[in-house]
Amino acid sequence: MVETQDVQNLRQREKELKKKKIYNNVKLFFSNKRAVFGVLLLGLFIAMSALGPIFYEYDHFKYFLGPRIGMPTEEFKLGFDEMGRDVFGAVIYGTRASLAIGLSVTLIVVLIGSTLGIVSGYFGGITDIIIMRITEVVSIIPTIPLILTLSVIIGQSFSNIIIILGVTSWTGTCKLVRSQTLSIKQRNYVERAKSIGASDAYIMVKHILPNVFPLIFSNIILTVQGAIMSESTLAFLGVGDPNIPTWGQLLRSAREQGAITTGSWWLFIPAGICLVGLASSFVFIGYGFDEINNPKLRRR
Amino acid sequence: MSIRFILNRLFYTFIMFIFVVTLNFALFRLMPGDPLTMVSKEVASSPEGRATLEHLYGLDKPMFQQYIDYLKSMTTFDFGISFHYKQPVINILGDKIKNSLILGIAAVPLGIAIGIIGGIIASSRHGKKTDVIITTSSMIIYAIPTFWFAMILLMIFGVKLGWVPINSMVTPGANFLNNMEYIKDLLHHLIVPVISYSVAIFGSYLLIMRGAMIDVFTEDYVLTARAKGLKEKQVIMRHVVPNALLPISTTVIYSLAIIFTGAFSIEVLFSWPGMGKLMVESVNRRDYPIMQASNYLIAVAVILANFIMDVVYGYLDPRIRIG
Amino acid sequence: MSEVLLEVQNLKTYFTITKGKVKAVDGVSFTLNKGESIGLVGESGCGKTTTALSVIRLLPKEGNVEGGKIIFEGNDITNLEEEKLSDFRWKEVSMIFQGAMNALNPVKRVCDQIAEPILLHEKISKTEAMKRVKELFELVELDTNLMYSYPHEFSGGMRQRAIIAMALACNPKLIIGDEPTTALDVMVQAQILDLINDLRKKLNMSMIMITHDLSIITETCDKVAIMYAGKIVELGETEEVVTNSLHPYTKMLISAFPNIYGERKMVDSIPGDPPDLYNPPEGCRFAQRCHMVNSKVCIPEESPPLIDYTGEGHFVACHLWRNSNV
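Residue numbers (my numbering), protein chains in the order written: chain V, 141 to 440; chain B, 104 to 426; chain F, 315 to 640.
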């Protein structure tokens, strides 16, 4: 009875320690001005994507609300595009598309990357060798030519772009998860779980995954940023779904319409600023987490 | 470095080569549409014409034979005839690669150098104002799409101020009296693309180098170096930089190796007649021979670069060289 | 009797962190004669390494000497400017760092790293410097054929020898060893300690040895200073302090280490944690962990001064011994 009391106390203490650690990390994160700025910026864009459609009506297929490439007016603050569509609405709705792409690509990346990484690091041996060799090959193939080729094969719809971006950008996450798994594998609780006969799958999901996750958090955040940027580049290159107005699509058609030479700033300045704003919010947050996991980076 | 190490890497490089080249072969069998109609609609519409074309492109042979033929033609740089240009692919690629190299060689080393030097400066002032300014601005630059930045530069310096031409490599239709004139015109066209390209590169190099430097700064041998009485500058240049450069050296080699593949969005934006622009156009034109050939060349380049990366890293890091 | 080499007077080294000041070293004084060695002993975080780094003026940027003096060969070096510091370091005082395994730069040849301070401080050619490196290798009993190797080709013990050779490179008057043997296995530890002892006597150098292991001090040091929470609590000849220890903390430290020669008994661990130096308790800093705190002579709310209890150089800072001497 006394022993179980002790065990309970220990558990309690462990829980408190964990809570304190989380609290400290949160405090640390918010003491980083850049990270706080990133969170605020991201909050702004999330609000824009969630509330924008409620307060502002936009239909991508509603043409000629105004003249082709018309100047901004009182009602249409950012003017019109080459089809006479409302640019302001397109920019607002573009937030949704960008966030959707960023998050879904990251989901795919995390699924592939962490599964392969954990399996590779946990089992080691020949499994590790094969997975790491494949990862290495995929990671050295330049992304854009590969994506261009894949886009011809499976097509360029919105969801296909997400899939293509997902299957071409998991290697970094995979390598990181593997190296973290290798170090966590050595820890006592994993040995303990093994010695009492826990299955490999159980250990990987219950013990390794929860401990790997915080360490790859900054990588995940930066993956979102990478996906958003890659999509815009692809859209700019003409690989993308023209029916869904992403910021990249807006920039592409702005260039095609000669917006630079005609000085039609409303076609590409607002969309570009939004793109940079959203992407940099993720960069700031990502590096903020990096400083928590890597104390050396902290300003001392 | 042991011969065994090199042989090992060579063997692995060969396996990778086979893997990637086979993938390239397979991907192009999966391509949608009828490639023959792209060669010539009229000829492909009649059965006899079709058969002739199939025979010409070797599509009537069994798959394995096609694979062998493919390997043979790839290794001899015989990439066939472009659907669009109706010319041997190799002739077209040669020119485009040269143009991409002009742009890349001017921009990539510059971007890398600025990034590495900036990283050294920021990390040696870790936590101070200089560091905060440098790091924050490179984070923002890291989040700026290259082509958008270039669009802004074009609008300001090309259109508003009229200082630089707004597209292509040389003034179209110009007759140059001598080479000097040509080079002057080329340099004039290079300015904005080079600036945008190197800016696109330096942000990530700066952040990586800064992180690597900060990591090394906490090592005991750096403290020892300071205790020896070395000036801070000497400590940084002799002890910190060499160790921080080690992990970055591979990235540098890789970036240099893929210069010829071109800067996609920049080439498209500036109508720079290089590989990047060609590949994008070929995708839109479904010009499979060009796509396949460029993919093959890129694969060969990165695999070679990977091999060189291993060997150079082994040479730079004594732990691998002798171990 | 002998010349004083180093005099540390009431040294106060504080670290400035965002929430305030951490008083890592708070009023430490000791003297070290030429050819003499002193050990600084205490738990981690008690200020021993900070004291040493203050002496060689290598504090991290948030650390600052905010009070007291460090006098080396009669010169006050407390505020020596950066320029003169580079001449002072390694030539006058060299240091063997904690975690010796990483004290050598992995991408530079061992000989170059040893030659580096020689070339820096003395106007000699590279060939001459290499000749010196060779002599140093012989001195620390390393195979001179290995001079041109890289650190990773050395075993732990060999690396530590190379580091000692490096510390001796400029014939310094004082060597600081910060846990120089903790990373090594026991057999190698003993060899390295013997080597340090021999060399120190042969070259008549002074030494500050930092460790948490009292047994190392008894083997290598003439004097010992026991540190607790940024202060020296007991100071004297090593044998005197170990055999007639006065301070309750010293007694606990001694009983916390098993004595392989003595009787077998349970090792006492020291209960409790040292105080947070950001906000150290008023008065006696050891009071919270002291089992003598309830004795009637103890005044825990008052900070006990360090006094010469025996009159022959056995200092102690404890209320228990303060009055009984009178």
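For every residue, glycine included, the Cβ atom is placed at its ideal position computed from N, Cα and C.
Span of the beta strand (DSSP E) around residue i
i, result
"glutamate 157 of chain B", "Segment 150 to 160 is the alpha helix (DSSP H) holding glutamate 157 of chain B; no beta strand (DSSP E) there."
"alanine 483 of chain F", "Here alanine 483 of chain F belongs to no beta strand (DSSP E), and DSSP marks it neither H nor E."
"glycine 382 of chain F", "377 to 386"
Of the residues the options, the one placed nearest residue i, counting alpha carbons only
i, options, result
"isoleucine 293 of chain V", "B/Thr125, B/Ile423 and B/Leu133", "B/Leu133"
"leucine 437 of chain V", "B/Gln168, B/Ser226 and B/Tyr357", "B/Ser226"
"aspartate 181 of chain B", "B/Arg112, B/Ile109 and B/Tyr399", "B/Tyr399"
"valine 179 of chain V", "V/Phe422, V/Glu431, V/Asp430 and V/Asn433", "V/Phe422"
"histidine 561 of chain F", "F/Ile490, F/Leu394 and F/Asp622", "F/Asp622"
"isoleucine 438 of chain B", "B/Ile393, B/Glu335 and B/His291", "The structure shown does not extend to residue 438 of chain B, since chain B spans only 104 to 426, so no value can be given for it."
"leucine 528 of chain F", "F/Leu346, F/Ile331, F/Gly356 and F/Val318", "F/Gly356"
"glutamine 365 of chain V", "B/Ser299, B/Ala246 and B/Ala154", "B/Ala246"
"phenylalanine 402 of chain F", "F/His435, F/Asn419 and F/Asn459", "F/His435"
"aspartate 198 of chain B", "B/Met283, B/Gly365 and B/Asn111", "B/Gly365"
Under 8 Å between C-beta atoms of residue i and residue j
i, j, result
"phenylalanine 329 of chain F", "lysine 335 of chain F", "yes"
"threonine 327 of chain F", "valine 407 of chain F", "no"
"proline 614 of chain F", "alanine 601 of chain F", "yes"
"isoleucine 287 of chain V", "isoleucine 302 of chain V", "no"
"proline 486 of chain F", "methionine 519 of chain F", "yes"
"tyrosine 464 of chain F", "proline 421 of chain B", "yes"
"valine 123 of chain B", "leucine 359 of chain B", "no"
"asparagine 302 of chain B", "leucine 377 of chain V", "Residue identity check: residue 302 of chain B is valine in the sequence provided, not asparagine. For valine 302 of chain B and leucine 377 of chain V, no; Cβs fall outside 8 Å."
"valine 317 of chain V", "isoleucine 270 of chain V", "no"
"alanine 257 of chain V", "threonine 308 of chain V", "Residue identity check: residue 257 of chain V is glycine in the sequence provided, not alanine. In this structure, threonine 308 of chain V does not lie closer than 8 Å to glycine 257 of chain V by Cβ."
"glycine 234 of chain V", "valine 227 of chain V", "no"
"isoleucine 524 of chain F", "threonine 392 of chain F", "no"
"isoleucine 370 of chain F", "aspartate 492 of chain F", "no"
"phenylalanine 429 of chain V", "arginine 174 of chain V", "no"
"lysine 331 of chain B", "proline 374 of chain F", "no"
Limits of the unbroken alpha helix (DSSP H) element including residue i
i, result
"valine 547 of chain F", "It is not in any alpha helix (DSSP H) - valine 547 of chain F instead sits in the beta strand (DSSP E) that spans 545 to 551."
"glutamine 190 of chain B", "That residue, glutamine 190 of chain B, is in no alpha helix (DSSP H); it is neither H nor E in DSSP."
"glutamate 371 of chain V", "357 to 377"
"lysine 173 of chain V", "173 to 195"
"aspartate 137 of chain B", "Careful: aspartate 137 of chain B lies outside any alpha helix (DSSP H) and carries neither H nor E."
"lysine 334 of chain V", "328 to 335"
"threonine 601 of chain F", "It is worth fixing the name first, because residue 601 of chain F is alanine in this sequence and not threonine. Run containing alanine 601 of chain F: none; DSSP gives neither H nor E here."
"isoleucine 524 of chain F", "Note, isoleucine 524 of chain F: premise wrong, no alpha helix (DSSP H); beta strand (DSSP E) at 520 to 525."
"glycine 410 of chain F", "It is worth fixing the name first, because residue 410 of chain F is isoleucine in this sequence and not glycine. That residue, isoleucine 410 of chain F, is in no alpha helix (DSSP H); its beta strand (DSSP E) goes 407 to 410."
"proline 350 of chain B", "344 to 360"
"glutamate 533 of chain F", "528 to 534"
Residue i, DSSP secondary structure in three states
i, result
"lysine 337 of chain F", "strand"
"valine 415 of chain B", "helix"
"leucine 350 of chain F", "The residue you asked about is not leucine; residue 350 of chain F is glutamate in the sequence shown. Glutamate 350 of chain F: coil per DSSP, three-state reduction."
"glutamate 596 of chain F", "coil"
"glycine 295 of chain V", "coil"
"alanine 631 of chain F", "coil"
"asparagine 393 of chain F", "coil"
"threonine 327 of chain F", "strand"
"serine 556 of chain F", "A quick correction: the sequence has valine, not serine, at residue 556 of chain F. Three-state DSSP puts valine 556 of chain F in a helix."
"glycine 491 of chain F", "strand"
"tyrosine 542 of chain F", "strand"
"arginine 225 of chain V", "coil"
"glutamate 370 of chain B", "helix"
"lysine 436 of chain V", "helix"
"glycine 468 of chain F", "Here residue 468 of chain F turns out to be phenylalanine, not glycine, going by the sequence shown. It is coil, neither helix nor strand."
"isoleucine 237 of chain B", "helix"
"phenylalanine 263 of chain V", "helix"
"aspartate 622 of chain F", "strand"
"glutamate 431 of chain V", "helix"
Partners in chain D for residue i, counting only beta-carbon separations shorter than 8 Å
i, result
"alanine 402 of chain B", "Of the protein chains in the structure, V, B and F, none is chain D."
Quiz item: Closer than 7 Å, Cβ to any Cβ of chain V: which residues of the stretch 244 to 261 of chain B, in chain order?
Solution: Tyr245, Ala246, Ile247, Pro248, Phe250, Trp251, Met254, Leu257 and Met258
Self-check item: Residues of the stretch 315 to 334 of chain B with Cβ closer than 8 Å to any Cβ of chain F, in chain order
Solution: Glu322, Asp323, Tyr324, Leu326, Thr327, Ala328, Arg329, Ala330, Lys331, Gly332, Leu333 and Lys334
Practice problem: Taking a Cβ distance cut-off of 8 Å, strictly less, list which residues of the stretch 363 to 381 of chain V are near chain B, in chain order. | Solution: Gln365, Met369, Ser372, Thr373, Phe376, Leu377, Gly378 and Val379
Quiz item: When Cβ atoms are compared, which residues of the stretch 401 to 434 of chain V fall closer than 7 Å to chain B?
Solution: Thr401, Gly403, Phe408, Gly412, Leu415, Val416, Ala419, Ser420, Val423, Phe424 and Tyr427
Exercise. Could you list the residues in the stretch 423 to 440 of chain F with a C-beta less than 7 Å from some C-beta on chain B, going in chain order?
Key: Glu430, Pro431, Leu434 and His435
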